[in-house]
Structure formats: C-alpha cells, structure tokens
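Those protein sequence lines, which keep their order, are chains A and B. Residue numbering for the first sequence follows UniProt numbering, starting at 1 and increasing by one per position. Residue numbering for the second sequence follows UniProt numbering, starting at 1 and increasing by one per position. Note that the Cβ used here is the ideal one computed from N, Cα and C, for glycine as well. Notes for the one structure printed next.
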Amino acid sequence: MSQVITDKHGIQHYMITINVNGDDYTRVVKANTLLVNVLRDELDLTGTKKGCELGDCGSCTILLENKPVDSCMILAIEADGKKITTIEGIAESSELDKVQEAFINNGAIQCGYCTPGMIISAKALLTRNPHPNEKEVREAIAGNLCRCTGFVNIVKAVLKVSEETNDKEVISNE
Amino acid sequence: MYLPDFDYYAPDSLAETCEALERFGAKAKVLSGGTDIIAKMKSGLLSPGVLISLKKLEDLKKIDYVSGKGVVIGALSTHNDLVNSKILNDKYLSVSEAAHNMASNQIRNIGTVGGNLCNAVPSADLPPILIALGATIKLVGTKGERVMLLEDLFTGPMKTVIAENEILTEIVIPDQLSTGSNYIKFGLRRSGALAVVGIAVAVTVNGGTITEAKIAIGAAAPTPIRAREAEKFLQGKTISDDLLAEAGVIASGESKPISDIRGSAEYRRDLIRVLTRRALHKAINEGHV
C-alpha cells in the first residue's frame with residue numbers, strides 16, 4: 001500500500017507515483033482524487049479534456065498501460081505505479097505524430113475539444129492494427145463523441161495514416 | 001464533477017478483502033473497475049464511507065481452461081479481456097461477442113465481468129449468455145465459499161444474494177454438450193447503448209433434433225430470466241422454421257418487460273419474439289457465435 005497520511009480532519013492522503021509520458025511523478029492525493037484531475041491540475045497536462053465526466057464522451061481518454069481508458073472514471077490511487085500516456089506524450093520527438101498530422105491535413109478538427117481523446121483512441125487502434133478497415137476505425141472511436149459531428153473527416157484521417165504506413169515500418173517499430 | 005470523501009483500502013489478499021468488508025459492513029463498497037460505482041458516486045446516487053479496492057488480487061484477472069471443469073473467468077477480467085481471450089474466441093465466441101458489443105473501448109478496458117454481474121442491472125449483456133451456457137459463480141466470504149448457478153445470483157434490479165462480507169471471485173462456463181450459442185443485443189445505437197432487450201440461447205443439436213435448449217433474456221423482467229416454457233417446447237423436436245418461430249412466441253409470452261425510456265413493454269415483447277427465433281437460428285446453424 002502506498003504511504004498514507006491522515007490529516008487533522010481524519011481525511012486520508014496517499015503518496016502515489018505514476019509514470020506519465022516517460023517521467024515519474026510522485027504526488028500526494030486523496031482517495032477521491034480522479035486521475036484526470038491529477039493530470040490536468042497537478043501536472044498541468046491540460047490536453048486531456050473533461051467533457052461529460054461520466055465515461056460517455058471520451059474527451060478525457062488517455063493510455064493506461066497502453067490501453068485507452070476514460071481518465072475521469074479512474075481514481076488516481078488506482079493508477080499508482082502505472083504507465084500513462086497523454087496527448088502531450090503521443091509524439092515521440094518534437095515533430096507531431098503521424099496521427100496528429102493526418103488530423104490537421106484532413107480537416108478532422110473543428111472545435112478541437114474531442115481531438116486529444118480521438119487521437120489517443122486512433123493511435124491505440126493503429127498500434128494494435130496498423131491497417132484497420134472503416135468499420136474498425138468507427139468502432140475504435142465509438143467512445144469518443146464529436147459534437148461538431150465531424151466524424152467523416154476523422155475516419156478519413158485515421159484511414160489515411162493506415163494508407164501511408166508501409167508494412168516495413170510497422171515491423172521495424174515492433 | 002467531484003467525488004465525496006471516503007476511505008480507501010486495497011487489501012493484499014482475498015481473505016483480507018473479506019475481513020475488511022465484514023469490518024466496515026454496510027458503509028463499505030467493493031471497487032473493481034469502478035465504471036459503475038464512480039458514475040453513481042458522481043451523480044450522488046451512492047456515497048460509501050469506504051471503498052475496498054480489488055486491484056491487488058492478481059489471481060482474479062485470469063481466464064483459463066481447466067480440464068474437467070471448464071473455462072474459468074476471473075471476476076476481475078475486463079470486458080476487453082473477454083473480447084481478446086483466445087480460449088473464449090475458440091470455445092465460446094458468443095461470450096466474447098457479447099462483451100464486445102458493450103459500452104465503448106475505453107470502458108471495456110476498465111469495467112470488469114464481476115462488476116457487470118454484481119451490479120445486477122436487468123439490461124446487462126453478460127448475464128444472459130453466461131446463464132444460457134450454464135455458468136456457475138463462486139462467492140468467497142469470511143465464513144468460506146459457495147458455488148451457485150449464475151441465474152440464482154439475481155434477486156431484483158441491482159439486487160443479488162451476495163452478503164456484505166462476500167465477493168464474487170470467478171465465473172465458470174462448464175464443459176458442455178451444447179453445439180451452439182448466440183447472444184443478440186437490441187440497442188438503440190450500435191455503440192454505448194444499453195440493451196432494450198438481450199436474448200441468449202444455447203442449443204444442443206443431434207441429427208436435426210434439438211435435444212436441449214436454454215434461452216436467457218435480459219431487460220425482460222426485474223432480473224435476467226430463463227424462458228423455460230420455450231425451452232421445454234423445443235426439447236426433442238425436429239428443427240424447422242415454424243418450430244423456431246413458435247419458440248419465439250412462447251418466450252415472448254413468458255417475459256414480463258416494463259415500459260421505459262428505451263422502449264415500451266409491448267415493443268420489447270415483440271423484439272423477444274423475433275430475436276429469440278433469430279438467436280436460435282444462428283446458434284443451430286453457426287455454432288458458438
């Protein structure tokens with residue numbers, strides 16, 4: 001169990017360490033602190049958005065141990081010791097990731113609020129399956145709601161990444 | 001949206017988990033994936049004083065085939081663990097598919113099978129197919145463990161027989177003679193929608209005759225139900241389109257659905273009639289899909 005400190009009001013605080021985008025961060029959180037709030041408020045990683053906050057809209061999507069999850073539905077303490085990737089850590093260098101480029105080039109961003117979550121879901125799909133069909137793309141982003149209703153170009157952008165990924169590259173990345 | 005304050009414990013073992021549940025009694029709730037309880041806490045529907053997290057119970061996160069017993073699904077397996085399990089894909093694709101048609105990818109990566117069953121929501125997708133396949137569950141408490149049929153778990157909407165000091169640890173799909181199974185969910189959207197009705201069937205077919213049929217229906221009554229009259233009707237009969245259609249009519253008559261925001265009772269009864277026939281057809285012709 002992580003270190004527990006009980007304050008004068010009897011509220012427990014826990015020391016947790018999470019690895020975010022490659023760096024370890026140790027923070028003191030309350031049991032009721034949500035992971036999305038640690039990312040946004042403590043680590044200033046505000047690319048992860050808060051939308052419905054009930055696990056429906058997907059704007060808070062992050063990768064937890066390489067799997068897309070809604071960070072608004074997870075207690076920070078439950079993520080203790082785990083590896084997290086946010087939209088800020090999607091690109092491996094100072095250049096944008098191919099998925100980010102494709103969103104820009106295909107007009108897949110309107111107001112932009114769903115975009116970080118959308119890109120995380122798309123990235124997770126393409127890592128697992130570099131050449132998805134349209135159905136698979138739509139299914140992968142089914143938990144990310146775009147209220148501008150710009151899904152057509154989003155799907156187009158993800159398929160474009162697949163088209164431009166040659167299989168040699170896929171194998172070398174593995 | 002913020003959560004009310006609560007104390008949090010993550011016991012290292014099953015025994016400690018049960019002891020903690022007994023110690024805190026009614027003010028404690030079990031935290032598995034959390035996708036249901038956290039939403040309820042945010043919405044002010046629940047405010048437990050203590051959450052007991054199961055995250056350290058690694059043994060409950062596996063899906064194995066145990067010879068002579070069947071497929072053993074740890075209660076902490078996530079929905080995507082069911083979707084991706086090679087064992088389930090090979091033996092009971094119908095279970096993987098039922099898990100696949102739930103919620104969103106993000107939720108399927110967090111929400112657990114145990115949580116889905118223990119929440120006992122009448123429209124839940126996993127109970128019907130697991131009941132049709134004759135699944136048993138194991139409940140472990142401070143005074144020992146008990147094994148029962150999954151269909152005996154539910155007592156009403158969001159109510160189960162689980163005692164305060166007990167947790168559900170595993171689900172077993174027993175080795176069986178059945179030759180096919182299928183689950184059809186009718187939702188108002190393709191993704192992220194609760195079932196208006198969900199129909200699961202498992203059939204044993206021998207040379208054009210149905211030797212046994214099990215039909216389990218979700219969102220048709222306060223708990224998932226078996227359509228026992230329809231099952232009895234099918235037993236020993238020669239397969240024909242009329243036979244399967246008649247079974248649908250009988251199953252529809254046995255259901256006691258309510259009218260709510262997702263559909264009227266009348267609409268649900270008609271869905272049950274049609275979908276029972278379709279699920280039977282698929283299970284008979286395509287195996288465990």
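query                                                                                                                       : result
Within-8 Å CB hit, Gln110 of chain A to chain B                                                                             : no
Interface residues of chain A facing Ala39 of chain B [CB-CB closer than 8 Å]                                               : Leu54, Gly55 and Met73
Buried or exposed (CB count within 10 angstroms, at least 16 for buried), Thr17 of chain A                                  : exposed
DSSP-derived helix/strand/coil call for Ser53 of chain B                                                                    : strand
Distance between Ala283 of chain B and Glu174 of chain A (C-alpha atoms, nearest Å)                                         : At Glu174 of chain A, the pLDDT of 47 sits below 50, so the modelled position is not reliable; the number obtained from the coordinates is stated separately. Cα to Cα, the separation comes out at about 39 Å.
Whether His288 of chain B touches Gly180 of chain B by CB criterion (8 Å)                                                   : yes
Under 8 Å between C-beta atoms of Gly198 of chain B and Lys214 of chain B                                                   : no
Min CB distance Gly123 of chain B to chain A below 8 Å                                                                      : Looking at the sequence provided, one finds Ser at residue 123 of chain B rather than Gly. No, Ser123 of chain B lies away from the interface with chain A (no Cβ there is under 8 Å from its Cβ).
Anticipated Cβ contact below 8 Å, Val71 of chain B with Leu88 of chain B, distance rounded                                  : 7 Å
Interfacial residues, the stretch 79-112 of chain B to chain A, with Cβ spacing under 8 Å                                   : Asn80, Ala103, Ser104, Asn105, Gln106, Ile107, Asn109 and Ile110
Contact set between Lys42 of chain B and chain A, taken where Cβ atoms lie within less than 7 Å                             : Glu53 and Leu54
Chain B contact for Glu174 of chain A (CB, 8 Å cutoff)                                                                      : In this prediction, Glu174 of chain A scores a pLDDT of 47, lower than 50, which makes its location untrustworthy; the coordinate-derived value is nonetheless stated afterwards. For Glu174 of chain A, the answer is no, since every Cβ of chain B falls outside 8 Å of its Cβ.
6 Å CB neighbourhood of Gly33 of chain B in its chain, flanking five on each side removed                                   : Ile110, Gly111, Thr112 and Gly115
Where Val203 of chain B sits in the DSSP three-state scheme                                                                 : strand
CA-to-CA distance, Asn106 of chain A to Thr142 of chain B, given in whole angstroms                                         : 58 Å
Cα-Cα separation, Gly192 of chain B to Pro224 of chain B                                                                    : 20 Å
Which of helix, strand or coil DSSP assigns to Leu34 of chain A                                                             : strand
Leu153 of chain B versus Gly134 of chain B: straight-line alpha-carbon distance, rounded                                    : 13 Å
Local conformation of Glu174 of chain A per DSSP, three classes                                                             : Note that Glu174 of chain A scores 47 on pLDDT, short of 50, meaning its location in the model is unreliable; the coordinates nonetheless yield the value given after this. It is coil, neither helix nor strand.
Beta carbon proximity, Phe186 of chain B to chain A, threshold 8 Å                                                          : no
In chain order, each beta strand (DSSP E) run of at least 3 residues that lies wholly inside the stretch 201-275 of chain B : 209-218
Coarse secondary structure for Val121 of chain B, derived from DSSP in three states                                         : coil
Presumed contact (8 Å Cβ cut-off) between Pro127 of chain B and Leu117 of chain B, rounded CB distance                      : 6 Å
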